[in-house]
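A quick write-up on the structure given underneath.
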Amino acid sequence: MTTTPPDLPAWIAETVARQRAGHGLDGVFYRDETIHRLDVERIWRRSWLFAGHACEAPAPGDYFVVDVEDDSIVVIRGDDGRINAFHNVCRHRGSRLLDVERGRAGKIVCPYHQWVYGRDGRLMSCRGMHEGIDRSQLGLVPAPVVDFEGLVFVSLAEEPPDIEAAREALAPMIRPQGLARARVARSIDYDVRANWKIVWENNRECYHCNVNHPEYIRANFDHYNTDDTTDSVRGAIDEATRRSTARWRERGLDVTHRRAGMATFPEGDCWFAVNRTPLVEGWVTESLDGRRVGPLMGDYDDADVGTLRVRTLPNMWNHSSCDHGVTTRLLPAGPRHTRVRVTWLVDADAVEGKDYDLERLLPFWQRTSEQDWELCERVQRGVLSSAYRPGPFSTHKEYNVDGFVRWYLRRLAGPEAPGGTG
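In terms of this note's numbering, the sequence shown opens at residue 43 and continues consecutively.
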């Protein structure tokens, strides 16, 4: 639950005050336990967090558990078909209720004293307790939860940030993808030995892509920037935009990112972003050869839909093509570790071995993700060095990293924190 965080310790406030505009963070932000606890209190416990996919709990009683440091949330499909979320804590003596990460529960039974809760969180029985106990006041503690077209977000805050702007921006863009009518083809979990901010910073630039992501750069344009977009590349982007604009509008879609480089995010205090971007000529999906690896998803009746890209701070990004979507979820695990889950989604009716094969579905994003995790771990090892000094960001290629650092400092230290673009 959200608590009022303590004042920023003087030494942290002084470190924030020394932050140079247009430069990376001091190494202490990636290794210190006190700063990590402040990250949890001021960012993770105050934000909307991506929990998982609604299709992971398709029937009443289906549930999955999300652990955010010391907090644990049960996301469960209620008897009325809606997604509910509750803190995974018995109201009697505080025992954790569900240890199995996913499953189906007719009722939620505390293993300690067998208090029994319904799928709606109501306390149904508490045998052995005195007469007159008011069971209506002892239901599971609810957690705010929303379902954006199949993407489930929860909050640890009693009064989370307003969600309507995000709903209005994300839901119409996500709806044609059919993530609410999908199934999980595969999930892979990683323990990335790097601070969560390093993982986000890596995601917010493609400066490293040309050398480190051979699969990704064959399909996408965003590794080009203002310093290296040649006339021929600019012409290819313009042609892809023109072609896509003409074809997509007939189906109610639009090109929302039309230039070289990555779409700008974050901007100011905004924690969410979404865009649809053309792929390179000859690619209709993010696969190794650009050819489809599964049936069309959602409302699509043509493979030429580019990629739908969704990002929500502090813990999710998604790339979705015509035939599959790939979601990456981050969860903090101390100052030097991040738990990452990468999930591949396909149409709900797709059958493995008939409609798609994992050998073709997984490699594009599995390789790209694992390449990134190795890079992040190298950065983590480097910033632990006493010789590390934050370097300047490239204004051509790292504008989004600069934006992320400024977003982070505002969340950590308040709106007067330094770190503007210099």
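Ideal Cβ positions, reconstructed from N, Cα and C, are used throughout, including at glycine.
Note that this is a predicted model, so its numbers are computed, not measured.
Candidates N317, D113, D109, G456, of which the one nearest E143 by Cα: D109
Segment contact, 8 angstroms Cβ cut-off, at least three pairs: the region 416 to 425 with the region 257 to 266: no
V188 beta carbon less than 8 angstroms from that of F128: no
Residue interval of the alpha helix (DSSP H) (run including N442): 441 to 455
Buried or exposed (CB count within 10 angstroms, at least 16 for buried), P308: buried
Boundaries (first-last residue) of the alpha helix (DSSP H) holding S274: 273 to 290
Stretch-stretch touch, CB-based, cutoff 8 angstroms, three pairs: the region 190 to 209 with the region 88 to 95: yes
Integer-rounded CB distance, given that H438 should sit under 8 angstroms from N481: Absent from the structure is residue 481, since the part of the chain shown begins at 43 and ends at 464.
Proximity of V158 and V382 at Cβ, strictly below 8 angstroms: no
The region 202 to 219 in contact with the region 407 to 414 per 3-pair CB rule at 8 angstroms: no
Endpoints, the beta strand (DSSP E) within which F71 is located: No beta strand (DSSP E) holds F71; DSSP gives it neither H nor E.
Within the region 359 to 396, ranges of the beta strand (DSSP E) (whole runs, at least 3 residues): 367 to 374, 380 to 389
contact_flag[the region 362 to 369, the region 318 to 333] where n(CB pairs < 8 angstroms) is 3 or more: yes
I175, buried or exposed, once every other Cβ within 10 Å from all chains shown has been counted against 16: exposed
Contact between the region 302 to 319 and the region 235 to 250 (3+ Cβ pairs under 8 angstroms): yes
Backbone CA spacing between E458 and R452 [nearest angstrom]: Bear in mind that the predicted position of E458 carries a pLDDT of just 48, short of 50, making it unreliable; the figure below should be weighed with that in mind. E458 and R452: Cα-Cα distance of roughly 7 angstroms.
Whether G376 touches H172 by CB criterion (8 angstroms): no
T271 versus W53 - alpha carbon distance: 43 angstroms
M339 (DSSP reduced to helix, strand or coil): coil
Separation of T354 from Q61, as counted between CA atoms: 25 angstroms
Whole runs of the beta strand (DSSP E) within the region 206 to 286, excluding any shorter than 3 residues: 224 to 234
Touching by the beta-carbon criterion (3+ pairs, under 8 angstroms), the region 105 to 124 and the region 389 to 403: no
Per DSSP, cross-strand counterpart(s) of A127: V117
Of the residues G303, W359, I118, the one placed nearest H265, counting alpha carbons only: G303
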